[in-house]
Structures are given as C-alpha cells and as structure tokens.
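>
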Amino acid sequence: MLDFFRPKQNQFFELFSRHAALTVEGAQLLEQLLSDLSSPLRLEEQAKQIKTIEGNADRVAHQTLDLLHRSFITPIERGDIHRLVSRIDDILDYIEAASQRLWLYEIREATPESKEMARVLVRSTQTVKQTVDSLNNIKDPSNIRTACIEINRLENECDTLLRLGTARLFKEERDPVMVIKWKEIYENLEDATDRCEDVANVIEGVVIENA
Amino acid sequence: MLDFFRPKQNQFFELFSRHAALTVEGAQLLEQLLSDLSSPLRLEEQAKQIKTIEGNADRVAHQTLDLLHRSFITPIERGDIHRLVSRIDDILDYIEAASQRLWLYEIREATPESKEMARVLVRSTQTVKQTVDSLNNIKDPSNIRTACIEINRLENECDTLLRLGTARLFKEERDPVMVIKWKEIYENLEDATDRCEDVANVIEGVVIENA
Amino acid sequence: MLDFFRPKQNQFFELFSRHAALTVEGAQLLEQLLSDLSSPLRLEEQAKQIKTIEGNADRVAHQTLDLLHRSFITPIERGDIHRLVSRIDDILDYIEAASQRLWLYEIREATPESKEMARVLVRSTQTVKQTVDSLNNIKDPSNIRTACIEINRLENECDTLLRLGTARLFKEERDPVMVIKWKEIYENLEDATDRCEDVANVIEGVVIENA
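Protein chains in written order, with this note's numbering: chain A, 1 to 211; chain B, 1 to 211; chain C, 1 to 211.
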C-alpha cells in the first residue's frame with residue numbers, strides 16, 4: 001500500500017483500540033462497584049461514571065463510522081468495521097445495564113458469584129483489547145486465534161458462574177423478587193462476556209477472510 | 001442502469017415499504033390495545049388482529065425472497081436484502097409476542113410505562129418506515145443517518161422506560177408472579193425497538209457499502 | 001471445478017454433516033432425559049452425556065475452522081462457513097443449557113409442554129441435518145427451501161408451546177420460584193429451535209448468493 005494512505009489506516013486502528021480500552025475501563029469500574037455496595041450514594045456515583053464511559057464509547061463509535069463514510073480505502077472490509085464497532089459497543093451496553101440495575105434495584109450486598117463474574121469480565125475485555133490491537137498485524141494470525149480461544153474459555157467460566165449462582169439463589173434466597181433481580185444482573189454480566197466473544201468472532205472472521 | 005431493469009428494482013423497494021408499513025400498523029394497534037385492557041373479549045380480538053398483520057408480513061417477506069430468487073440483478077446486495085427482510089420481520093414478531101402475552105397472562109390494567117413504551121415504539125417503526133423508503137435514494141445518505149440516530153435515541157428512551165418500569169414493579173408490586181409477567185412484556189416491547197435499531201444498522205451498513 | 005480440489009471440498013461437507021448429527025443426538029438425549037426426571041443420579045448422568053456431546057461438537061467446529069484456515073478454495077464463501085459453524089454450535093449450547101438447568105434446579109417432574117418442546121426440537125434438528133446435507137447440491141435449491149419452511153413451522157410450534165406452558169404456569173403453579181425455573185428452561189428450549197432457524201437462514205442465504 002502507498003504510504004500516502006497510511007495515516008487514515010492508522011486512524012482506524014487507533015479508534016478501535018480506544019474503543020476497546022473504554023470497555024476495559026468500564027469493566028474495571030464495575031468490578032470496583034461490586035466490591036462494596038453498602039453506600040447508595042457511592043453506588044449512584046459509580047453507576048453514573050460507567051454511564052459516562054458508555055457515552056464516550058458511543059462518541060468513539062460515531063467517529064469511527066464518520067471516518068468510514070469519508071474513506072475510500074479501509075484497512076479491513078467496510079462491513080467488518082461496522083460490525084466490529086457495533087459489537088464492541090454492545091459490551092459496554094451490558095456493563096452499563098448491570099451497574100444501573102444494581103443501583104435501581106437497590107441491591108446492598110453483592111453475591112460472591114457476581115464479584116467473580118466481574119473479575120472474569122475484566123480479564124475478557126483485556127483480552128478483547130489485545131485482540132483488537134493485534135488487528136494491525138493480521139498476517140500473523142496465531143496470536144489472534146490464541147486470544148479468541150481464551151475469550152471463549154472466559155465466556156464458559158462466566159456461564160458456569162451464572163448457573164451456579166442462579167442454582168444457589170433458588171436454594172437459599174427466600175424472597176422471589178430478590179431471585180428475579182439477581183437473575184437479571186447475572187444475565188447482564190454473562191451477556192457482556194458473550195459480547196466479548198462476538199467481538200472475537202468478528203475478528204476471527206476478518207482473519208479468515210484475509211488468510 | 002438500463003431502464004429495462006427498473007421495474008424489478010422498484011418491486012423490491014415497494015415490498016420493503018409495504019413490509020415496514022405493516023410494522024407501523026402493528027405498533028399502532030398495540031398502542032391502542034394497551035390504552036384499555038379491561039375487556040378480555042376485545043383484548044383477544046385485538047391480539048388476533050395483530051397476529052393477522054404478522055401473518056401478512058410473513059407473506060410479504062416470502063414474496064421478497066421469491067423475487068430475490070428470480071432476480072439476477074438486485075438494487076442492493078443479495079445478502080443485505082435477506083438481512084433486511086429478516087430484521088423487519090423480527091420487529092413484528094416482538095409486537096405480536098407482547099400482545100399475545102397481555103392476552104394470555106390475563107393482564108387487566110396497563111402500567112404507565114408500558115403505554116409510554118408502545119408510544120415510543122410507534123414513533124420508532126414510523127422512522128424505520130422513513131428510512132426504508134429512503135433506500136430508494138441512497139446516494140443522499142444524510143437523511144438516512146439522521147433517521148438512524150433518531151431510532152437509536154428512541155431505543156434508549158424505551159430502555160430507560162424498561163428500567164424505571166421494572167424498578168417500580170420491584171418496589172410496588174406485591175405479587176411476584178405479576179412482576180414476572182410484566183418484566184417479560186416490558187422486555188418484548190424493548191426487544192421490538194431493539195429490532196428497529198437492527199433494521200437501522202442494516203440500512204446504515206448498506207449506505208456504507210455503497211458510499 | 002478440478003477433481004484435484006474435490007477431496008477438501010468433501011471434507012467441509014462431511015464436517016458440517018457430523019456437526020449437525022451431534023445436534024440431533026443431543027436433542028434426542030434431552031427428549032429422553034425429560035421423559036423421566038425422577039432419579040437425580042440418572043439425571044446428572046444424562047446431563048453429563050449431553051455436555052460430552054457439546055464438547056465433541058466444539059471439537060468438530062475447531063476442525064472445520066482449522067480446515068478453513070488451511071484452504072485456499074472453499075465450496076461456499078469463507079464467511080458463510082464461519083457463520084454456519086457458529087450457528088450450529090449455538091443449537092447444542094442451548095440444548096446443554098436446558099439439560100444443566102433441569103439438573104441444577106433439581107426439577108423432579110417434567111411439564112407436558114417441555115416434553116412436547118423437546119419432541120419438536122428433535123424434529124427440527126433432524127430437518128437442519130437434512131438441510132446441511134443438501135448443501136452438497138445447492139444447484140437444486142427447492143429441497144432446501146422446503147426444509148427451511150418446515151424449520152420455520154417447527155419454530156412457531158415451539159413458540160406456541162412456550163406461551164401456553166408459561167400461561168399455564170402462571171395459572172396453576174403456586175411457587176413463584178418454580179415459575180422462574182420453568183420459564184428459563186422453556187426459553188432455553190425455544191432458543192434451541194430458534195437457533196435451528198438461524199442455521200436455516202444462513203443456508204437460505206448461501207442458496208441466494210449462489211442462485
């Protein structure tokens with residue numbers, strides 16, 4: 001490719017990278033929020049911070065799509081850029097959804113499974129970030145495949161936590177409304193790691209197309 | 001393009017437009033149904049009407065796919081036509097699902113949030129219809145982008161209503177089974193506006209591919 | 001196409017077919033499991049068997065993607081192979097999820113609707129298998145369309161069972177936690193037939209692209 005086109009190519013990768021970094025930040029804040037739910041005020045504050053991060057991510061997504069509209073040549077297929085941006089955005093949507101529900105449903109104590117799920121989610125977003133960063137070098141796809149397998153493993157781990165957490169709720173929680181609340185929060189956490197896997201799938205698809 | 005091909009090209013756009021019009025009709029009927037749930041007989045009647053509309057939409061979808069199978073040249077990519085038809089169909093599936101549940105679960109009074117969600121959904125399907133109609137003129141993509149942003153905004157509005165409505169249920173509703181029923185109906189309404197956003201995404205993708 | 005390439009082409013179709021056969025096997029085991037839930041030990045044993053089948057399916061999926069990475073020429077588009085493998089995998093994920101929940105939530109008696117849903121799911125996976133097997137001969141798409149319509153019909157049948165089953169739970173089940181448990185299992189069963197429809201959609205898309 002002519003060096004003439006380089007700057008714009010790099011802009012795409014920089015935007016992807018910034019987008020993925022925001023999901024890591026959101027996941028880390030969620031982990032922190034779950035470590036102590038005792039103060040309603042702090043909980044509200046932290047939920048708002050995550051909402052702000054989600055808003056920033058929306059802006060990066062729009063910037064990427066704007067760049068796409070203005071570019072004739074793109075480093076990967078136009079449709080894949082669109083899909084990648086949408087899927088990364090979905091991760092933060094579920095992180096934000098989980099944090100809002102913890103606040104709105106006035107949860108005052110986190111279950112051990114929810115804390116563990118947040119930890120897994122942090123690792124998963126970090127691996128997504130790595131994978132997104134590797135897109136710059138898709139001629140060496142072995143790193144990407146290894147990361148995709150790790151993201152898949154983390155998704156399974158989160159799914160197991162969801163199942164065990166839900167089964168324990170059914171056994172130990174006397175208040176059915178609390179069961180409903182936690183079930184939804186668990187599902188949001190699981191959906192977030194699911195969307196990490198979707199990003200990995202898009203990237204795996206890009207690698208396959210460019211093999 | 002040769003005028004020779006025009007007639008068939010127009011047929012596609014006409015079918016998309018008719019398909020989108022049926023989703024508006026379904027959403028409007030759902031809004032009307034939610035305005036008064038007191039009569040089980042009328043509720044059943046209105047739920048059946050929505051079912052009929054969904055059946056009509058299925059037929060339009062099949063016609064579009066049949067036309068696709070018989071056409072060598074298509075106005076937009078074959079895969080995008082297939083995706084567009086499937087996503088438009090999904091909107092009505094959720095509208096129909098919500099109406100059936102209101103009837104089957106014997107709900108006799110609508111919550112304010114559900115009425116508001118139906119209003120948002122009507123506006124969202126109307127904007128989807130506009131966007132679908134603009135496909136005829138994708139060389140001017142600015143209208144389409146504006147409409148996509150509006151559909152996204154409406155989806156966020158519906159999501160906020162879902163959250164507030166659910167939080168209120170948890171606080172005020174004493175019967176856990178009623179909580180479960182309404183949570184599902186809210187989710188169907190939210191899924192319907194979500195699918196409106198999916199249609200917007202497909203169309204945004206078409207615009208990007210044809211930029 | 002040169003005979004030189006045939007062997008690899010056939011390998012793809014053989015892997016698709018083996019993958020689809022595992023979903024049939026999983027669905028049949030789930031139907032069997034639901035026919036008698038009285039023994040916790042046998043239930044655990046059968047849930048583990050389904051888990052093993054899901055693991056085998058994962059391995060077939062990885063083999064297909066490995067073959068894809070090593071192949072320059074593919075019988076259908078690279079992206080479609082990737083999508084097809086992911087969607088077939090999803091079917092077994094939901095079958096496995098349903099069986100795990102029946103075991104983890106300590107369900108001791110199946111509802112008539114759940115048994116009927118499993119029966120529909122078996123027929124649906126069998127039809128998916130037929131469709132996947134027909135991919136070998138996409139120049140005659142009429143069989144494939146007929147099978148896709150049948151898969152769609154079965155999905156609707158399963159959806160009706162989900163609605164009726166849930167409505168009956170709401171009326172007859174006194175324990176709200178039991179309502180929550182069964183609702184989730186019904187949704188897993190319905191999601192499995194939904195994913196059968198997704199596979200049909202991918203294959204319909206392939207037929208459209210190759211028309």
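Glycine included, each C-beta is placed from N, C-alpha and C at the ideal position.
Here the structure is a predicted model, which means the values were calculated and not measured.
1) Which residue comes first and which comes last in the alpha helix (DSSP H) that contains Arg195/C?
2) In this structure, does DSSP put Lys139/B in helix, strand or coil?
3) Could you check whether the Cβ of Tyr94/C sits closer than 8 Å to any Cβ belonging to chain A?
4) From Leu154/C, Thr127/C, Asp93/C and Glu96/C, pick the residue whose C-alpha is nearest to that of Met117/C; which is it?
5) Are Ser99/C and Leu189/C touching if we call contact CB-CB under 8 Å?
6) Can you give me the Cβ contacts of Leu2/B inside the same chain, cut-off strictly under 7 Å, excluding the 5 residues immediately before and after it?
7) Where Val202/B and Ala27/B are concerned, what is the direct C-alpha to C-alpha distance, given to the nearest angstrom?
8) Could you please tell me which residues of the segment 172 to 202 of chain B, in chain order, have their CB closer than 7 Å to any CB of chain C?
9) Name the two residues that bound the continuous alpha helix (DSSP H) containing Asp133/C.
10) Closest to Ile138/C by C-alpha separation, out of Pro112/C, Glu209/C and Ile151/C, would be which residue?
11) Taking only the alpha-carbon atoms, compute the straight-line gap between Ser35/A and Thr111/A and give it to the nearest angstrom.
12) Kindly indicate the opening and closing residues of the alpha helix (DSSP H) around Ser86/B.
13) Could you tell me the boundaries of the alpha helix (DSSP H) in which Leu37/A lies?
14) Hey, how far is the Cα of Glu157/B from the Cα of Ile180/B?
15) Assuming contact is defined by CB atoms lying nearer than 8 Å, are Val206/A and Asp80/A in contact in what I supplied?
16) How would you call Gln32/A, buried or exposed, if buried means at least 16 neighbouring beta carbons within 10 angstroms?
17) With a CB to CB cut of under 6 Å and the five nearest residues on each side skipped, what residues in its chain are close to Leu162/A?
18) Spatial neighbours of Ala61/A within its chain, please: CB distance less than 7 Å, with the 5 preceding and 5 following residues excluded, ordered by chain position.
19) Are the C-beta of Gln100/A and some C-beta of chain B separated by less than 8 Å?
20) Identify the contact partners of Ser86/B in chain C, using a Cβ-Cβ distance below 9 Å as the criterion.
21) Can you find a CB in chain C that lies within less than 8 Å of the CB of Leu104/B?
22) Out of Thr160/B, Asp198/B and Val177/B, which one is the CA nearest neighbour of Arg168/C?
23) In whole angstroms, what is the alpha-carbon distance linking Arg59/B and Arg42/B?
24) Quick one: measure Cβ to Cβ for Asn136/A and Phe13/A, integer angstroms, because I've assumed they're closer than 8 Å.
25) Taking the alpha-carbon positions, what's the Ala204/A to Thr193/A distance?
26) From Arg145/C to Glu96/A, what distance separates their C-alpha atoms?
27) Let me see if you follow: with CB-CB separation under 8 Å, is Ile76/B close to chain A or not?
28) Anything in chain D within Cβ reach of Glu54/A, meaning under 9 Å, just list it in chain order.
29) 8 Å is my cut-off, CB to CB: does Ala57/C come that close to chain B?
30) Would you mind telling me which residues of chain A sit closer than 7 Å to Gly205/B, beta carbon to beta carbon, in chain order?
31) What residue from Phe16/A, Gln9/A, Lys8/A and Gln11/A has the CA that sits closest to Asp133/A's CA?
32) At the 8 Å Cβ level, is Arg163/B part of the contact set with chain A, yes or no?
33) If you measure from the beta carbon of Leu220/B to each beta carbon in chain C, is any gap under 8 Å?
34) Rounded to a whole number of angstroms, what is the C-alpha to C-alpha distance between Lys48/C and Ile91/C?
35) Using the Cα positions of Lys183/A and Cys148/C, report the straight-line distance between them to the nearest angstrom.
Let me lay it out:
1) Along the third sequence, one-based indexing puts residue 195/C at 195. Boundaries of the alpha helix (DSSP H) harbouring Arg195/C: Pro176 to Glu209, taken from the DSSP string.
2) Taking the second sequence and counting its residues from 1, one reaches residue 139/B at position 139. Here DSSP, grouped into helix, strand and coil, assigns Lys139/B to coil.
3) Position 94 of the third sequence, counting from 1, holds the residue named residue 94/C. Not closer than 8 Å to any Cβ of chain A, the Cβ of Tyr94/C fails to qualify, so no.
4) The residue labelled residue 117/C in the question sits at position 117 within the third sequence. Of Leu154/C, Thr127/C, Asp93/C and Glu96/C, the residue nearest in Cα terms is Leu154/C.
5) The count along the third sequence starts at 1 and reaches residue 99/C at position 99. The count along the third sequence starts at 1 and reaches residue 189/C at position 189. No, they are not a contact pair.
6) As a working note, residue 2/B is residue 2 in the second sequence. Below a pLDDT of 50, predicted positions are generally treated as unreliable, and Leu2/B, at 46, falls in that range; no measurement from the model is reported.
7) Here residue 202/B is taken as the residue at index 202 of the second sequence, counted from 1. Here residue 27/B is taken as the residue at index 27 of the second sequence, counted from 1. So the alpha carbons of these two residues sit roughly 21 Å apart.
8) Within the segment 172 to 202 of chain B, those residues whose Cβ lies closer than 7 Å to any Cβ of chain C are, in chain order, Pro176, Val177, Ile180 and Lys181.
9) Residue 133/C sits at position 133 when you count from the first residue of the third sequence. First-last of the alpha helix (DSSP H) with Asp133/C: Pro112 to Ser134.
10) On the third sequence, position 138 is the one that residue 138/C refers to. Looking from the CA of Ile138/C, the closest CA among Pro112/C, Glu209/C and Ile151/C belongs to Glu209/C.
11) For the purposes of this step, residue 35/A is taken as the residue at position 35 of the first sequence. For the purposes of this step, residue 111/A is taken as the residue at position 111 of the first sequence. So the alpha carbons of these two residues sit roughly 10 Å apart.
12) One-based indexing of the second sequence puts residue 86/B at position 86. Per DSSP, Ser86/B belongs to the alpha helix (DSSP H) from Arg78 to Leu104.
13) Against the first sequence, residue 37/A aligns to sequence position 37. Careful: Leu37/A lies outside any alpha helix (DSSP H) and carries neither H nor E.
14) As a working note, residue 157/B is residue 157 in the second sequence. As a working note, residue 180/B is residue 180 in the second sequence. Cα-Cα distance, rounded: 22 Å.
15) Indexing the first sequence from 1 puts residue 206/A at position 206. Indexing the first sequence from 1 puts residue 80/A at position 80. Result yes, Cβ atoms of Val206/A and Asp80/A sit closer than 8 Å.
16) Counting from one through the first sequence, the residue named residue 32/A turns up at place 32. Exposed, since its Cβ has fewer than 16 Cβ neighbours within 10 Å.
17) Stepping through the first sequence from its first residue, residue 162/A is reached at position 162. Scanning its chain for C-beta atoms nearer than 6 Å, with the 5 sequence neighbours on each side dropped, one finds around Leu162/A the residues Tyr186 and Glu190, in chain order.
18) Here residue 61/A corresponds to residue number 61 of the first sequence, with the count starting at 1. Only residues of its own chain outside the window of five on either side were considered, and among them His19, Val85 and Asp89 have a CB closer than 7 Å to the CB of Ala61/A, listed in chain order.
19) Residue numbering aside, residue 100/A sits at position 100 when the first sequence is read from its first letter. Interface residue, yes.
20) Here residue 86/B refers to the residue found at position 86 when the second sequence is read from its first residue. From the beta-carbon of Ser86/B, the residues of chain C found nearer than 9 Å are Asn201.
21) Stepping through the second sequence from its first residue, residue 104/B is reached at position 104. Chain C places a beta carbon closer than 8 Å to that of Leu104/B, counting this residue as a contact.
22) Position 168 of the third sequence, counting from 1, holds the residue named residue 168/C. That would be Val177/B, whose Cα lies nearest to the Cα of Arg168/C.
23) Counting from one through the second sequence, the residue named residue 59/B turns up at place 59. Counting from one through the second sequence, the residue named residue 42/B turns up at place 42. Near 26 Å, if we compare the C-alpha coordinates of Arg42/B and Arg59/B.
24) Walking along the first sequence from the start, residue 136/A turns up at place 136. Walking along the first sequence from the start, residue 13/A turns up at place 13. The beta carbons of Asn136/A and Phe13/A sit about 5 Å from each other, so the pair counts as a contact at 8 Å.
25) The residue you call residue 204/A lines up with position 204 of the first sequence. The residue you call residue 193/A lines up with position 193 of the first sequence. For the record, residue 204/A in the displayed sequence is Glu; it is not Ala. Rounded to the nearest angstrom, the two C-alpha atoms are 16 Å apart.
26) As a first step, residue 145/C must be located in the third sequence, where it is residue number 145. As a first step, residue 96/A must be located in the first sequence, where it is residue number 96. Distance between the alpha carbons of Arg145/C and Glu96/A is about 41 Å.
27) Position 76 of the second sequence, counted from the first residue, corresponds to residue 76/B. No, Ile76/B does not count as interfacial toward chain A.
28) In summary, chain D is missing from the structure at hand, where the protein chains are A, B and C.
29) Position 57 of the third sequence, counted from the start, is the residue given in the question as residue 57/C. So no, Ala57/C is outside the interface.
30) Walking along the second sequence from the start, residue 205/B turns up at place 205. Those within 7 Å of Gly205/B in chain A are Gly79 and His82.
31) By 1-based counting over the first sequence, the position of residue 133/A is 133. When only C-alpha atoms are compared, the closest one is Phe16/A.
32) For this step, residue 163/B is matched to residue 163 along the second sequence. Taking 8 Å as the CB threshold, Arg163/B lines the interface with chain A.
33) Shown here, chain B extends from 1 to 211; a query on residue 220/B therefore has no answer.
34) The residue labelled residue 48/C in the question sits at position 48 within the third sequence. The residue labelled residue 91/C in the question sits at position 91 within the third sequence. Those two C-alpha atoms are separated by around 17 Å.
35) For the purposes of this step, residue 183/A is taken as residue 183 along the first sequence, with counting starting at 1. For the purposes of this step, residue 148/C is taken as residue 148 along the third sequence, with counting starting at 1. Each residue's alpha carbon lies about 34 Å from the other.
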